[in-house]
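> Anchor point for the sequence shown: position 2 equals 2 in UniProt numbering, and the numbering is continuous, going up by one each time. Think of the CB as a built atom: it goes at the ideal place given N, C-alpha and C, for glycine as much as any other residue.
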Amino acid sequence: MLPTTARRRTPHTHDPADRHDRDDPRAGAASGPGRPSGRLPAGRRRSRRERRAGSAGRHLHAGRITYAVLTVFTLGSLFPLVWTAVAASRTNQRLAETPPPFWFGGNLFANLRTAWVDANMGKALLNTVFVAGTIALSTVLFATLAGYAFAKLRFRAKNALLLTVIGTMMVPPQLSVVPLFMAVAELEWTNQLQAVVLPMLVSAFGVFFMRQYLVNALPTELIEAARVDGAHSLRVVWHVVFPVARPAMAVLGMLTFVLAWNEFFWPIIALTQDNPTVQVALTGLGRGYIPDESVIMAGALLGTLPLLLAFTLFGKQIVGGVMQGAVKG
1 MLPTTARRRT PHTHDPADRH DRDDPRAGAA SGPGRPSGRL PAGRRRSRRE RRAGSAGRHL
61 HAGRITYAVL TVFTLGSLFP LVWTAVAASR TNQRLAETPP PFWFGGNLFA NLRTAWVDAN
121 MGKALLNTVF VAGTIALSTV LFATLAGYAF AKLRFRAKNA LLLTVIGTMM VPPQLSVVPL
181 FMAVAELEWT NQLQAVVLPM LVSAFGVFFM RQYLVNALPT ELIEAARVDG AHSLRVVWHV
241 VFPVARPAMA VLGMLTFVLA WNEFFWPIIA LTQDNPTVQV ALTGLGRGYI PDESVIMAGA
301 LLGTLPLLLA FTLFGKQIVG GVMQGAVKG
């Protein structure tokens, strides 16, 4: 018999690379009679580690370049707002000089006060909040209902009707101004806010947007399960469709509110300076032989601040809705 010490197995230190080669089926396939072993030399393994480290460095370098480019674009997008504030804080004579000012002056509050009084900005802001809010809520409601119908319900000529709705987006809105104004005058709605609100209660883009979202985000099995449980159509919409469509509804509401807030073409035709929206009120500041550019910029700043405040307060919820919708889609 061999001595006890001879029967003991010599301790062997396992290399992580060896374990990796034993677990890799390609290593066994590569080795065999007349074939080199699947295990790579140490120098080659080091070269792989060096290549991985170099790849990580390149990714880090690319990330820095991306952040630099995004910073430049962010500063460029903020420049119009900063320039508006700078121009609103200067005098009209200083804005006409060369080079123009690039820093804030001391006339900001005086110009804001002048714009507030001359443009009737208080009433204009209230009117614009009412108009934009009503249009946004109505568009989201009707677009969600119509989008759900086009996405999940079955009825005759559904595709033809959807194409008709999409086709209305190709018609320039200027073509409908004359008949629309004649209808408003016949109803005696001239210079009334409903003349601006009613033509914009429904959006073809909103219907198409919600339809595209609900096609993928709303499972048909969920609707069928609700109907099996005895839910009628209104309950299905309220308890199934609306919760699923909430992210897209938030995005559509935000976009519609901003578009309605900035709408100028139809309000300048339907309204006057006695009952204006913000965009109509700003046109009153440009009247005169020599318009005061600093006061106009102050009025534009007053019209922009509510949107900035809304994005500051609800930006996190809006971005969260967008990301949630992207994950569900």
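Quick one: is leucine 163 buried, meaning 16 or more other Cβ sit within 10 Å of its Cβ, or exposed?
The residue is exposed, with fewer than 16 neighbouring Cβ atoms inside 10 Å.
> Can you tell me where the alpha helix (DSSP H) with arginine 227 in it begins and where it stops?
First-last of the alpha helix (DSSP H) with arginine 227: 220 to 228.
> Three-state secondary structure (DSSP) at glutamine 192?
Correct three-state label for glutamine 192: coil.
> Output needed for alanine 245: all residues of its chain with C-beta closer than 8 Å, excluding positions within five of it in sequence on either side, in chain order.
Excluding sequence neighbours, alanine 245 sits near Thr144, Gly147, Tyr148, Met210, Tyr213, Leu214, Ala217, Leu218.
> What residue from Glu97, Asp118, Pro101 has the CA that sits closest to arginine 287's CA?
Out of Glu97, Asp118, Pro101, Asp118 has the C-alpha closest to the C-alpha of arginine 287.
> Do the segment 124 to 133 and the segment 188 to 205 touch if we need at least three Cβ pairs shorter than 8 Å?
The segment 124 to 133 is in contact with the segment 188 to 205.
> Report the option in Gly76, Ser138, Ser77 whose CA atom is closest to the CA atom of alanine 204.
Answer by Cα proximity: Ser138.
> Let me know the secondary structure DSSP gives glycine 28 once reduced to three states.
Bear in mind that the predicted position of glycine 28 carries a pLDDT of just 47, short of 50, making it unreliable; the figure below should be weighed with that in mind. Correct three-state label for glycine 28: helix.
> Applying the 10 Å Cβ sphere with the 16-neighbour rule, what's the burial state of glutamate 224?
It is exposed - the Cβ of glutamate 224 has fewer than 16 other Cβ atoms within 10 Å.
> Judging by CA-CA distance, which residue of Val278, Asp274, Leu141 is the nearest neighbour of valine 241?
Here the closest residue by C-alpha is Leu141.
> Does the beta-carbon of tryptophan 103 have 16 or more other beta-carbons within 10 angstroms, so that it is buried, or is it exposed?
Counting Cβ neighbours within 10 Å, tryptophan 103 comes out exposed, since fewer than 16 surround it.
> Taking the beta carbon of proline 173 as the centre, do at least 16 other beta carbons fall within 10 Å, making it buried, or is it exposed?
So proline 173 ends up on the exposed side.
> For the pair the segment 83 to 92 and the segment 294 to 310, tell me if three or more CB-CB distances fall below 8 Å.
As far as the Cβ criterion goes, the segment 83 to 92 touches the segment 294 to 310, which means the pair count is three or higher.
> With contact counted as at least three CB pairs below 8 Å, one residue from each stretch, are the segment 228 to 241 and the segment 169 to 186 in contact?
Contact fails: fewer than three Cβ-Cβ distances are below 8 Å.
> Within 10 angstroms of its Cβ, does phenylalanine 150 collect 16 or more other Cβ (buried), or is it exposed?
Under this definition phenylalanine 150 is a buried residue.
> In terms of alpha-carbon separation, which member of Ile65, Thr114, Leu81 lies closest to valine 285?
Note that residue 285 corresponds to leucine in the displayed sequence, not to valine. Cα-wise, what sits closest to leucine 285 is Thr114.
> Rounded to whole angstroms, how far is the Cβ of lysine 158 from the Cβ of threonine 220, which I believe are closer than 8 Å?
Actually they are not in contact, since the Cβ atoms of lysine 158 and threonine 220 sit about 15 Å apart, beyond 8 Å.
> Compare the Cα-Cα distances from leucine 108 to each of Leu193, Tyr67, Ile290, Ala85 and report the closest residue.
Of the listed residues, the one whose Cα sits closest to leucine 108 is Ala85.
> I'd like the list of long-range same chain contacts for valine 207, defined as Cβ closer than 6 Å, with 5 residues on each side in sequence excluded.
Same-chain partners within the cutoff: Ala143, Ala146, Gly147, Val165.
> Between the Cα of methionine 249 and the Cα atoms of Arg156, Val319, Val178, which residue gives the shortest distance?
Selected option, being the one with the closest Cα: Val319.
> Going by beta-carbon coordinates alone, are alanine 281 and alanine 124 separated by less than 7 Å?
It is a contact, given that the beta carbons lie within the stated cut-off.
> Closest to threonine 272 by CA distance: which of Val196, Leu252, Leu70 is it?
Nearest C-alpha to threonine 272: Val196.
> May I ask you to report which of helix, strand or coil DSSP gives tryptophan 238?
Three-state result, tryptophan 238: helix.
> Just to confirm my understanding: we take asparagine 262, look at its own chain, exclude 5 residues before and 5 after, and list those with CB closer than 8 Å. What are they?
Closer than 8 Å at Cβ, skipping near neighbours: Gln279.
> Give the straight-line distance between the Cα atoms of tryptophan 116 and phenylalanine 155, rounded to the nearest whole angstrom.
If I take the Cα positions, the gap works out to 53 Å.
> Could you tell me which whole alpha helix (DSSP H) segments of length 4 or greater appear in the segment 155 to 194?
Runs found: 158 to 167, 177 to 186.
> So, is threonine 98 buried or exposed, given that buried needs 16 or more other C-beta atoms within 10 angstroms?
The residue in question, threonine 98, is exposed, as its Cβ has fewer than 16 Cβ neighbours within 10 Å.
> Over the uninterrupted alpha helix (DSSP H) stretch that includes serine 138, give me the two end residues.
Note, serine 138: alpha helix (DSSP H), 121 to 152.
> By alpha-carbon positions, which one of Val184, Ile135, Leu255 ends up nearest to glycine 315?
Out of Val184, Ile135, Leu255, Leu255 has the C-alpha closest to the C-alpha of glycine 315.
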